[in-house]
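Colleague: Take a look at this one; I'll ask things after.
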Amino acid sequence: MPQGHALRVRDFRYLWAAGAAGGFGTSMLVVAVPAHVYAVTGSVLATGVTLAFEHLPSLLLGPVSGVLADRWDRRRLMIATNLAHALAISVVLLARTPETIWLVYVAVLGQGAASVFFRPAVRAHIPATVGTGPALTSANAVSAVTTGVVGLAGPPLGGLLFATSGVEAVVAAAAAAGLLSATAIARTSPRPHPTPGTPPGAPPGAVTKAPVSGAGVAVSGAGVAAAVREGLRVVRRAPGTRALLASDGVYLLANAALTALLIPFGVATFGGSAEVGYLLSALGLGFLLGAPVSRRLVDRLAPRRVIATAQALAGAAFLLLFNSASLPAALAAAVLLGLPGVTVLVAVQTYVQRATPGNLLGRVTAVFLTVEAAATMTGAFAGPALSELSGLPVALNAACAVTLLSSLVTLCLLPSSRPPG
C-alpha cells in the first residue's frame, strides 16, 4: 500500500467516519449536559456528580469490555453500542425538574458504558481491517488527529447549540451522530473472528484452525473473570506491553493534571477564556501538522527511542508553554507540543496492536483504557489540589516534571526490540 495510507482501505474509511461521527456526538455532550443539570438544579454538586458519572463506566466496566471485544463479533458489538448510545442519551430529555435529574445520571452512565464497550472493539478491529504494517500506523495517526480535532471542536459547539436551541437540539444531534456511526460500521465487510493462536502481525481477517473459545456466545460470570485474568496475564508476561502500561499511565496522569490547570493558567496569565481557546486551537494545529511526521517516525525508528523522545519533548514543550510570559510564545509552544503529543498516542497504540495476538487484543486494549481512565481522573484531581496547596506555578511545573519522568520510565523498562508487524 503506497505510503501506508489507511484511508485508501474502504472498510477503514467507514470505521474512521464512524469514529469521527460518534466521537463528535459524544464530545458535544461534554459541556451541554452539565450545563443542563446546572440550569435545572442550580447545584454545583449535582453538576460535579454528572462529571464524575461520565468517568465511572471506564473504571467499572473497562476490563469486561475487553472480554466482549474478544468473545463477540466486533462489528456487531460496535453497531450495538452506537445504538445504545443514541437510546441512552435520549433519556436526558426526560429530566426537566430537580426531582427527575437522576435520569441524567442514568443517561450519562448508559452513554458512558456504550463508549467503554465501543473503544476496545474498534481498536482491536483496526488491525484486522488494515493489517499490522505501515497502514496500521497511518490508521492510528488519522484516528489520533481526528480524536483531537473532534475533542476540541465538539464541546464548544455543543455549548453553543445548548445556549441557542436548548438541550433538545444537542441530544438530537448526539443521537443522530450515534445512528450515523452505526450505519457506517454496518457498511463494513464482516470479518472472521480471531481465534486463539492468531499471532500478532497476522494479515487482516486471518484465523487459525483452532476452534473459537467462546466467540460470539454468552459467557458466565466465572468465564468473564477468567478471561479478564487472561488479559492481565498477557500484559504481565509481555515486557514491552507491561512497560508501556506503566510509562503511559505516568504520562497520562501528568497530561490530565496539566489539562485541568490550563484554564486557570490561561485566565490568570493572559486574561480570559478566549485566550484559552486560542491555546487549544494551536494545540489542535500541532496535532494536524504532527500526524504525517509521527507516522514516519513510528514506522522507521525503534519504539523505545520514538516514545521516550516524544514524551521528553512533550514535557519540554509543556514547560515552555506554562512558563511563557506572552501569548505568542505560549501559542508557539502549543503548536510544538502537537508533534510529540500525537507521536506518543500513535506509537503506543501501534505497539500494543502489533505485539498482541488478535484474539486477546480487546482485553489488552481494555486494560490500557482502564488505566488511562484511572490516570486521567487522578491527574484531574491531583493537579488542582496541588495548585490549591502550593500555588499554580508549582503545580504546573511539577506536572511537567512528571511528564519528563514518563520518558525515563520508557527508557528504563521498554525493550529495544520491535514487535512483529
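Just so we're aligned: 436 in my numbering is position 413 of the sequence shown, and the numbers increase by one with no gaps anywhere.
Built from N, CA and C at the ideal position, the CB exists for glycine as well.
1. Quick one: what's got a C-beta closer than 6 Å to residue 192's C-beta in the same chain, skipping five residues either side?
2. Do the CB positions of residue 302 and residue 340 come within less than 8 Å of each other?
3. To test your reading of the DSSP string, which unbroken beta strand (DSSP E) runs of 3 or more residues are found completely within the segment 181-210?
4. Measure from the alpha carbon of residue 50 to the alpha carbon of each residue in 170, 83 and 117, then state which is nearest.
5. Below 6 Å CB to CB, which residues in the same chain sit around residue 349 once its five sequence neighbours on both sides are set aside?
6. Quick check: what's the CA-CA separation for residue 400 versus residue 99?
7. My output table needs one value for residue 166: the three-state DSSP class, helix, strand or coil.
8. Straight-line CA distance for residue 105 to residue 202?
9. For residue 326 and residue 439, I'd like the C-alpha separation in whole angstroms.
10. Cα separation between residue 140 and residue 120?
11. Applying the criterion that 16 or more other CB atoms from any shown protein chain within 10 Å of the CB defines a buried residue, is residue 95 buried or exposed?
12. I think residue 82 touches residue 396, with their Cβ atoms under 8 Å apart; what is that distance to the nearest whole Å?
13. With a 10 Å radius around its C-beta and 16 neighbouring C-beta atoms as the bar for buried, classify residue 102 as buried or exposed.
14. Would you mind working out which of 335, 421 and 322 sits nearest residue 372, comparing C-alpha positions?
15. Using CA coordinates, which residue listed in 38, 54 and 156 is at the minimum distance from residue 376?
16. Look at the Cβ atom of residue 34, then the Cβ atom of residue 160, and state whether they are nearer than 8 Å.
17. Quick check on residue 255: does DSSP put it in helix, strand or coil?
18. Assuming contact is defined by CB atoms lying nearer than 8 Å, are residue 131 and residue 311 in contact in what I supplied?
19. Using CA coordinates, which residue listed in 389, 337, 353 and 381 is at the minimum distance from residue 300?
20. Should residue 286 be labelled buried (16 or more other beta-carbon atoms within 10 Å of its own) or exposed?
21. Using a Cβ distance threshold of 8 Å, determine whether the segment 403-412 contacts the segment 277-291, with at least three qualifying pairs required.
22. Residue 38 and residue 145 look like a contact to me (Cβ under 8 Å); what is the Cβ gap, rounded to whole Å?
23. Which stretch, first to last residue, makes up the alpha helix (DSSP H) that contains residue 403?
24. Under 6 Å Cβ to Cβ from residue 177, same chain only, skipping five residues before and after it: list those, please.
25. Just tell me which of 84, 391, 418 and 115 has its CA closest to the CA of residue 403.
26. Only counting the same chain, and skipping five residues up and downstream in sequence, which positions put a Cβ closer than 6 Å to that of residue 271?
27. Taking the Cβ atom as the reference point for each residue, do residue 252 and residue 258 lie within a distance shorter than 8 Å?
Modeller: Working from what's here:
1. Start at 1 with the first residue of the sequence shown, and residue 192 comes out as number 169. Excluding positions up to five away in sequence, the list reads 184.
2. As a position in the sequence shown, residue 302 is number 279, starting the count at 1. As a position in the sequence shown, residue 340 is number 317, starting the count at 1. Not a contact, by the Cβ cut-off of 8 Å.
3. None, since the segment 181-210 contains no complete beta strand (DSSP E) of that length.
4. Taking the first residue of the sequence shown as 1, we reach residue 50 at position 27. Taking only the C-alpha atoms, the option nearest residue 50 is 170.
5. The count along the sequence shown starts at 1 and reaches residue 349 at position 326. Within the same chain, and ignoring the five residues on either side of residue 349 in sequence, no residue has its Cβ closer than 6 Å to its Cβ.
6. Your numbering for residue 400 matches position 377 in the sequence shown. Your numbering for residue 99 matches position 76 in the sequence shown. Distance between the alpha carbons of residue 400 and residue 99 is about 30 Å.
7. For the purposes of this step, residue 166 is identified with residue 143 of the sequence shown, where counting begins at 1. The answer is helix: DSSP assigns residue 166 an H, G or I state.
8. Within the sequence shown, numbered from 1, the residue matching residue 105 stands at position 82. Within the sequence shown, numbered from 1, the residue matching residue 202 stands at position 179. The alpha-carbon atoms of residue 105 and residue 202 are separated by roughly 6 Å.
9. On the sequence shown, residue 326 is found 303 positions in, with the first residue counted as 1. On the sequence shown, residue 439 is found 416 positions in, with the first residue counted as 1. Going from the Cα of residue 326 to the Cα of residue 439 covers about 7 Å.
10. Counting from one through the sequence shown, the residue named residue 140 turns up at place 117. Counting from one through the sequence shown, the residue named residue 120 turns up at place 97. Computed Cα separation, rounded: 31 Å.
11. Translated into the one-based positions of the sequence shown, residue 95 becomes position 72. So residue 95 counts as buried.
12. Here the question's residue 82 lines up with position 59 in the sequence shown. Here the question's residue 396 lines up with position 373 in the sequence shown. Sure, about 6 Å apart at Cβ, within 8 Å.
13. Within the sequence shown, numbered from 1, the residue matching residue 102 stands at position 79. By the 10 Å Cβ count, residue 102 comes out buried.
14. Locating residue 372 in the sequence shown gives position 349, where the first residue counts as 1. For the residues 335, 421 and 322, the minimum Cα distance to residue 372 belongs to 322.
15. Along the sequence shown, one-based indexing puts residue 376 at 353. Answer by Cα proximity: 156.
16. For this step, residue 34 is matched to residue 11 along the sequence shown. For this step, residue 160 is matched to residue 137 along the sequence shown. No, the Cβ-Cβ distance between residue 34 and residue 160 is not below 8 Å.
17. Position 232 of the sequence shown holds residue 255. Of the three classes helix, strand and coil, the one that applies to residue 255 here is helix, per DSSP.
18. Locating residue 131 in the sequence shown gives position 108, counting from the first residue. Locating residue 311 in the sequence shown gives position 288, counting from the first residue. The Cβ atoms of residue 131 and residue 311 lie no closer than 8 Å to each other.
19. Counting from 1 along the sequence shown, the entry for residue 300 is found at position 277. Checking every option, the nearest Cα to that of residue 300 belongs to 353.
20. Here residue 286 refers to the residue found at position 263 of the sequence shown. Exposed is the call here.
21. yes
22. As a first step, residue 38 is located in the sequence shown; it is residue number 15 there, counting from the start. As a first step, residue 145 is located in the sequence shown; it is residue number 122 there, counting from the start. Contact holds; Cβ gap of about 7 Å.
23. In the sequence shown, residue 403 corresponds to position 380, counting from 1. Looking at the DSSP string, the run of the alpha helix (DSSP H) that includes residue 403 is 384-413.
24. Mapped onto the sequence shown, residue 177 falls at position 154. 47, 50 and 51, listed in sequence order.
25. Taking the sequence shown and counting its residues from 1, one reaches residue 403 at position 380. Minimum Cα distance to residue 403 is reached at 418.
26. By one-based count along the sequence shown, residue 271 stands at place 248. Closer than 6 Å at the Cβ level, and outside the excluded window around residue 271, lie 371.
27. For this step, residue 252 is matched to residue 229 along the sequence shown. For this step, residue 258 is matched to residue 235 along the sequence shown. No, these two residues do not count as a Cβ contact at 8 Å.
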